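Worksheet: the structure to be examined is printed underneath.
In this note's numbering, the protein residues as written are 87 to 390.
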C-alpha cells in the first residue's frame, strides 16, 4: 500500500512539471498584460526541436537549450504581433498553435521520414553518467525524479522572488495593471510586455523538452496533448501567482497520475483519459468569479 502511495506521489510530481511550467509562462505573459494561449504550440514545437537537436548532436542538454530558444523565438513572434502591431492576442495564439501542429509533423517527415522519433539520449541518463562516480545515489534519485523536476522547483521559487521582490517584477506587474500610469513613470510598456512574453516562451520550451526528452522519450504528433491549455487553467486557479500555479499543477498532475492507475478492465480507457480534462473543467468552473486577472490583461496599449 505504501509503495502504491509513494509511486502515486512521485508520478504526481513528475507529471505536474509541464502544467506548472506552462502555467508559469502564462503568469509572466498575463502579468505583463498579454494573453498567451499559444503556450500549447510553443510546447509542441519545442518538444520536437528538443528531440531533433538531441538526435543530431547526441547531447540532450543542447537539445534542451534549442527547445528554450525555440519557445523564445515563438514568444518574440507573438510579442511582435500583439505588442508592436496591436493585433488580436487570441488570434495570434491560435495561429501559433495551428502552425505548431502542422509544422512539427511536416518537419518530422522531412527530416526523419516518420512522425514518431525516439530520442537517443535523455537528460537524466547523461546527468547520472556524469555524477555517478562522485555521487553513487544519483541513479536512484534522477531515475525517479528527472533533473527538470528540480529545475522546475527552482523556477517556481525564483519566479516568486522576481515577480514580488524585485524592481523588474514590480514594473512587469504595473504594465499589466495600469500601463498608462507605468508609462507616465517612464516605464517602457512595450519592453516589459516583450520581456513577459519571451519569458513565457522560454518556460513553455522547457516544458516541451521535458515531455519529449524525459517523460515520453520520443516525439510524436500532438505530444503536448492540451497541456499548454491545462497549464493556463493552473495559472487561473493559482490566481496568477507562481506558488498557486505550482499547486494547481500538482493537482492536475495528480489527476493524470490517477488516470494512469485506473484499471481499464473497470473503466473504459476513453473515460480514464478524460480525467485530467474533466478535472480542468471542474477547477475552472469553481474558479470563475473568484480569480481576478490583471486589469489590462489582453488589452493592447496605445500611447495617447
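All C-beta atoms in this analysis are idealised placements derived from N, C-alpha and C, irrespective of residue type, glycine included. Everything numeric in this text was worked out from a predicted model, so none of it was measured.
| Query | Result |
| --- | --- |
| Residue from 305, 311, 352 with nearest C-alpha to residue 183 | 311 |
| DSSP beta-bridge partners of residue 184 | Per DSSP, none; premise fails for residue 184. |
| Validate contact between the region 335 to 345 and the region 265 to 277 using beta carbons, cut 8 Å, 3 pairs | no |
| Beta-carbon proximity check, residue 160 vs residue 294, cutoff 8 Å | no |
| Same chain, Cβ closer than 6 Å to residue 195, five either side skipped, listed in chain order | none |
| Which of helix, strand or coil DSSP assigns to residue 105 | helix |
| Delimiting residues of the alpha helix (DSSP H) encompassing residue 318 | 313 to 323 |
| Residue(s) in a DSSP beta bridge with residue 203 | 305 |
| Close-in-space but distant-in-sequence residues of the same chain around residue 165 (CB under 6 Å, 5 per side omitted) | 280, 283 |
| Residue 383 to residue 226 span [Cα, whole Å] | 44 Å |
| Range of the contiguous alpha helix (DSSP H) that encloses residue 137 | 125 to 143 |
| Residues of its chain near residue 212, where Cβ-Cβ distance is below 6 Å and the 5 sequence neighbours each way are ignored | 146 |
| Cβ-based neighbour list, residue 51, same chain, cut-off 8 Å, excluding 5 preceding and 5 following | Here the chain comprises residues numbered 87 to 390, so residue 51 is not present and cannot be evaluated. |
| Residues of its chain near residue 388, where Cβ-Cβ distance is below 8 Å and the 5 sequence neighbours each way are ignored | 172 |
| Helix, strand or coil at residue 164 [DSSP, three-state] | helix |
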